[in-house]
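First comes the structure, then the notes that go with it.
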Amino acid sequence: MLNKEDFQRYNRQIIIPEFGEQGQERLKKASVLVIGAGGLGAPILQYLTAAGVGHIGIVEFDEVSLSNLQRQILYSSDQVGESKAQKSAERLTGLNPSVQFTIIEEAITSQNAMQHIEGYDLVVDGSDNLATRYLVNDSCYFLSKPLIYGAIFRFEGQVSVFNVEIENERGPNYRDLFPTPPPPEMVPSCSEGGVLGVLPGIIGSMMANEAIKVLAQMGTTLSGKLFVFDALDFSTYTLKVAKNPDNPISGNQVTITELIDYEAFCMGDIQPKKLKEITVQDLEIKLKEENIFLLDVREDYEYEIANLGGTLIPLNKVSNRSAEIPKDKEVIVMCKMGGRSAKAIELLQEQGFENLVNLKGGITAWQKEIDPSMDTY
Amino acid sequence: MTNGNKMKIAITAFGIAKDILQQKQIELNCSESASVGDVRAQLIQNFPDFEKLASLKFAVNTEYVADDYELSANDEVVLIPPVSGG
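Just so you know, the protein sequences line up as chains A and B, in that order.
Taking the numbering used here, I'd label the letters of the first sequence as residues 167 to 543.
Taking the numbering used here, I'd label the letters of the second sequence as residues 6 to 91.
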């Protein structure tokens, strides 16, 4: 099964007794679907490719942006604006031409997730939002696929292995840890909360390591355990994860038996009732035709990169400077992606404002859908 | 013993919980037979934003426990909210 080049290329791992020829053959026969080719996805893809996984699927619809390059060292500066899926596959093929790549250049959704995942032996989740994480978790549970989980925030990372069968018993899954999500403002993404560049390199490499162990059937994985790392003080915890009776897909009372609408599920049921929203398309019309007040709650430096001419009052000053905001006309509140502006509306509503509307998707949506020439960050 | 029937519980926070507590570690003074649920209620009282993490499970000395779990002095309670970044 292994050829001469394989023996040369993979020599350093084949000579490890626990791995050996058999481990290499298992990797060569294996197929892995990597969700996301971003901060986590990039190192995962690089190490799985280098290690000789036979077939790798890459799910990624985004383009390389300048703000990716602080951590996604798979890409280079001259690729800004180009397809991440295509550029990563090119680079990875250069690293190891014997690996077969399948590019899936679309968002993974409840409609396509099962089809995409079905043909692979194992899934690695390097996605960047909670809705996708629940979607991938539930799909892998329904299809009995092992799932390598990892997530990052600022200096912190989490790693675990879900759904792996050990002695005829399937290990826990993400919903054993978090059966339902907290409200969205409690789960900031990297673009909202920030991330240290080296962190996805550390956590992504750990995820690749777990994937290789599961596929090569060696060692002890993080199945039934959650590894948590804080790079700021180098503290680590490995917590035991037991099956949670409240897990709605695999607990005592199963209430979810097929994929659901994960965006709605992660938005929760508290916020949308109170929060009026407007799309960037409708804002474009209103800016031309109506006398509205546009309130931008981002920071000064963000405003300098790109703005829509709104009045700038950063979120942490909104409560004290509310006198500057009119109460007698419609106020549209905006930020980068819509999270901070929702928080600002909540704060202002406590002060009696009733004329506030949130800009859905923030200036990021404006840049994508109205003015692609606008600078991003 | 010196402090009547109070005991100290160390709390270590990750992710957004660290933001809410404004520090990585705090100590709470609890009654001697306090449960995890009591600690949760006390946290919500001291840090109202904590209410939004009400569904979060607490780990005590590296194991996730239910709200009726009775704490002992010097137990370490660890709060790990979900993070989504990738």
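The beta carbon of each residue, even a glycine, is placed where N, CA and C say it ideally should be.
Q.
Using the three-state DSSP reduction, which class does residue 76 (chain B) fall into: helix, strand or coil?
A. coil
Q) Taking the alpha helix (DSSP H) that residue 180 (chain A) falls in, what are its first and last residues? A) 177-180
Q: Note down the Cα distance separating residue 436 (chain A) from residue 256 (chain A), rounded to an integer number of angstroms.
A: Any reading at residue 436 (chain A) is ruled out, since the residue's pLDDT is 45, under 50, leaving its predicted position unreliable.
(Q) Less than 8 Å between CB atoms is the rule here; does residue 341 (chain A) satisfy it with respect to chain B? (A) no
Q: Have a look at B:20, B:15 and B:10 and flag the residue whose alpha-carbon is nearest the alpha-carbon of residue 86 (chain B).
A: B:20
Q: Starting from residue 267 (chain A), follow the beta strand (DSSP E) in both directions and report where the run begins and ends.
A: 266-270
Q.
Just to check my reading of the structure: residue 317 (chain A) and residue 90 (chain B) have Cβ atoms closer than 8 Å, yes? What is that Cβ distance to the nearest angstrom?
A. 6 Å
Q) Does any residue of chain A bring its CB to less than 8 Å from the CB of residue 84 (chain B)? A) no
Q) Is the stretch 318-335 of chain A in contact with the stretch 25-45 of chain B, if contact means three or more CB pairs nearer than 8 Å? A) no
Q.
Assuming contact is defined by CB atoms lying nearer than 8 Å, are residue 369 (chain A) and residue 206 (chain A) in contact in what I supplied?
A. yes
Q | Start-to-end residues for the beta strand (DSSP E) that takes in residue 301 (chain A) | A | Where residue 301 (chain A) is concerned, there is no enclosing beta strand (DSSP E), although the alpha helix (DSSP H) it sits in stretches over 296-309.
Q. Using a Cβ-Cβ distance under 8 Å, would residue 19 (chain B) count as near chain A?
A. yes
Q. Buried or exposed: where does residue 529 (chain A) fall if 16 or more other Cβ atoms within 10 Å of its Cβ makes it buried?
A. buried
(Q) Helix, strand or coil, according to DSSP, for residue 35 (chain B) in the structure here? (A) strand
Q) Can a CB atom of chain B be found closer than 8 Å to the CB of residue 261 (chain A)? A) no
Q) For the beta strand (DSSP E) that contains residue 459 (chain A), what are its first and last residues? A) 459-462
Q.
Using a Cβ distance threshold of 8 Å, determine whether the stretch 416-431 of chain A contacts the stretch 349-361 of chain A, with at least three qualifying pairs required.
A. no
Q: Report the rounded CA-to-CA distance for residue 245 (chain A) versus residue 230 (chain A), giving the unit in angstroms.
A: 6 Å
Q: Could you say which of A:478, A:303, A:396 and A:457 lies nearest to residue 422 (chain A) if we only look at CA atoms?
A: A:303
Q | Cβ neighbours of residue 408 (chain A) in the same chain (closer than 8 Å, five flanking residues each side left out) | A | 338, 342 and 390
Q.
Taking 8 Å as the cut-off, does the stretch 356-364 of chain A touch the stretch 424-434 of chain A (at least 3 CB pairs, one atom from each stretch)?
A. no
Q | Contact between the stretch 176-193 of chain A and the stretch 377-396 of chain A (3+ Cβ pairs under 8 Å) | A | yes
Q: Using a Cβ-Cβ cut-off of less than 9 Å, give me the residues of the stretch 47-70 of chain B that come near chain A, in sequence order.
A: 54, 57, 58, 59, 60, 61, 62, 64, 67, 68 and 69
Q. How would you list, in chain order, the residues of chain B whose beta-carbon sits under 7 Å from the beta-carbon of residue 387 (chain A)?
A. Simply none; closest approach about 17 Å.
Q) For residue 465 (chain A), which of A:493, A:500, A:448 and A:394 has the nearest alpha-carbon? A) A:500
Q.
Quick check: the Cα distance between residue 82 (chain B) and residue 63 (chain B), rounded to an integer number of angstroms?
A. 7 Å
**Q.** Closer than 8 Å to chain B by CB, residue 318 (chain A)
**A.** yes
Q: Rounded to whole angstroms, what's the CA-CA distance from residue 507 (chain A) to residue 492 (chain A)? Just pull it up for me.
A: 16 Å
(Q) In the DSSP output, what is residue 396 (chain A) paired with across the bridge? (A) A:322 and A:401
Q.
Just checking: is the beta-carbon of residue 91 (chain B) within a distance shorter than 8 Å of some beta-carbon in chain A?
A. yes
Q. Since residue 498 (chain A) and residue 490 (chain A) are thought to touch, with beta carbons under 8 Å apart, how far apart are those beta carbons, to the nearest angstrom?
A. Not really, about 15 Å apart at Cβ, beyond 8 Å.
Q) Shortest alpha-carbon distance to residue 454 (chain A) belongs to which of A:474, A:376 and A:198? A) A:474
Q | Contact the stretch 51-58 of chain B vs the stretch 23-32 of chain B: 3+ CB pairs below 8 Å | A | yes
Q.
Buried or exposed, going by whether 16 or more other CB atoms sit within 10 Å of the CB of residue 181 (chain A)?
A. exposed
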